[in-house]
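Q: Going by my numbering, the sequence shown opens with residue 1453, and the numbers climb by one from there.
Note that the Cβ used here is the ideal one computed from N, Cα and C, for glycine as well.
The structure that follows is given in the form of structure tokens.
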Amino acid sequence: MAAPVNELKAALAEGRMQRGLWLNLPGMVTAEMAGRAGFDWCLIDGEHGPWDPSGIRDQLIALAGTGTHAVVRVPVAEDWIIKQALDLGVQTLLVPMVNSAEEARAVVRACRYPPDGVRGMGAMVARAGEFGGTADYPASANDQICILVQAESQAAIDELAEITAVEGVDGVFIGPADLGADMGYRDSLSDPDLWVTVAKGIETIRSGGKSAGIIVSGAEAEAKMRELGVTFLGCGSDASLLQAGLMELSRGC
1453 MAAPVNELKA
1463 ALAEGRMQRG
1473 LWLNLPGMVT
1483 AEMAGRAGFD
1493 WCLIDGEHGP
1503 WDPSGIRDQL
1513 IALAGTGTHA
1523 VVRVPVAEDW
1533 IIKQALDLGV
1543 QTLLVPMVNS
1553 AEEARAVVRA
1563 CRYPPDGVRG
1573 MGAMVARAGE
1583 FGGTADYPAS
1593 ANDQICILVQ
1603 AESQAAIDEL
1613 AEITAVEGVD
1623 GVFIGPADLG
1633 ADMGYRDSLS
1643 DPDLWVTVAK
1653 GIETIRSGGK
1663 SAGIIVSGAE
1673 AEAKMRELGV
1683 TFLGCGSDAS
1693 LLQAGLMELS
1703 RGC
């Protein structure tokens, strides 16, 4: 028995739009609700949400019952953290703050079993390998891992073509908030110069044959990103949506 086919990886490779939601709130209930809402994917955020492998496992189980693909953002590009995420059964990772092709190659190595990488052989006692139930998992897992790296600095933008060209990287996600802060637009993220840089970055990623990703808010911004060719599109966060809804409700009472 082999590792499951990663349908999100296949869809991105075919250039099909995949829309999703950030999960910054912990717990199974919100994850299950989001998974049933109709998104193509939901991203469990271990960078700006809790990095709690046990809690993330619960969220993965909740999403598995909905048919919505689970993505996990790890807090940092460390081999041991990537290994933990993969052993939980995650097949699509978003890795923040990848600033060079060398760093991107290190992420790919961390996601692959030898001889192609350095991932530790522990999945046969973990959820990824069904605790030993998927006998051929190590032989088939490498091909089903989808690796998305984040370009969030001027350094990453300067080396974006080289990052995009790294074998094993399926897509590059531009983080507009961190990129904007690094470019000097921390308090003015709507500055046109930032979004010119973003648009050029998306073009570079697409020209390299990889999927381009970003998170934006609102129908107009989403339409613009579609026009530019983004196919991994974040549409918001559970925490932000809940907060906005609660505030609107309180004003109306």
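Going by the beta-carbon positions, is the gap between phenylalanine 1684 and glutamine 1470 smaller than 7 Å?
A: Cβ distance < 7 Å, so phenylalanine 1684 and glutamine 1470 count as in contact.
Q: With DSSP as the reference, label threonine 1656 as helix, strand or coil.
A: Residue state, collapsed to three classes: helix.
Q: So is tryptophan 1474 buried or exposed if we call it buried at 16+ other beta carbons inside 10 Å?
A: When all chains shown are included, tryptophan 1474 counts as buried.
Q: By the three-class DSSP mapping on this structure, what secondary structure does phenylalanine 1583 have?
A: DSSP places phenylalanine 1583 in helix when its eight states are reduced to three.
Q: Use the C-beta contact count for histidine 1521: other C-beta atoms within 10 angstroms, 16 or more gives buried, fewer gives exposed.
A: Looking at its Cβ environment, which holds 16 or more other Cβ atoms inside 10 Å, histidine 1521 is buried.
Q: So, using beta-carbon positions, are proline 1548 and glutamine 1596 closer together than 7 Å?
A: For proline 1548 and glutamine 1596, no; Cβs fall outside 7 Å.
Q: Which same chain residues, not among the five before or five after serine 1552, have their C-beta less than 6 Å away from its C-beta?
A: Correct list, in chain order: Glu1611.
Q: From glycine 1620 to isoleucine 1599, what does the alpha carbon distance come to, in whole angstroms?
A: Each residue's Cα considered, the two are about 7 Å apart.
Q: Below 7 Å between beta carbons: does that hold for alanine 1483 and leucine 1515?
A: Contact flag set, yes.
Q: Skipping 5 residues on each side, what residues in its chain have a beta carbon closer than 7 Å to that of aspartate 1497?
A: Answer for aspartate 1497: Trp1474, Leu1475, Asn1476 and Arg1525, listed in chain order.
Q: Tell me, which residues are paired with valine 1624 by DSSP?
A: Its beta-bridge partners are Val1601 and Ala1664.
Q: Counting pairs of Cβ atoms below 8 Å between the segment 1663 to 1672 and the segment 1622 to 1632, do you hit three or more?
A: Verdict: yes, contact present.
Q: From this set, Ala1696, Asp1690 and Arg1703, which residue's C-alpha is nearest methionine 1480's C-alpha?
A: The candidate whose alpha carbon is nearest that of methionine 1480 is Asp1690.
Q: Please check the pair arginine 1564 and arginine 1557, which I expect to be a contact at CB under 8 Å, by giving their CB distance rounded to whole angstroms.
A: Contact doesn't hold; Cβ gap of about 11 Å is too wide.
Q: Compute the distance between the beta-carbons of leucine 1646 and glycine 1632, then report whether it is under 7 Å.
A: Yes, they are a contact pair.
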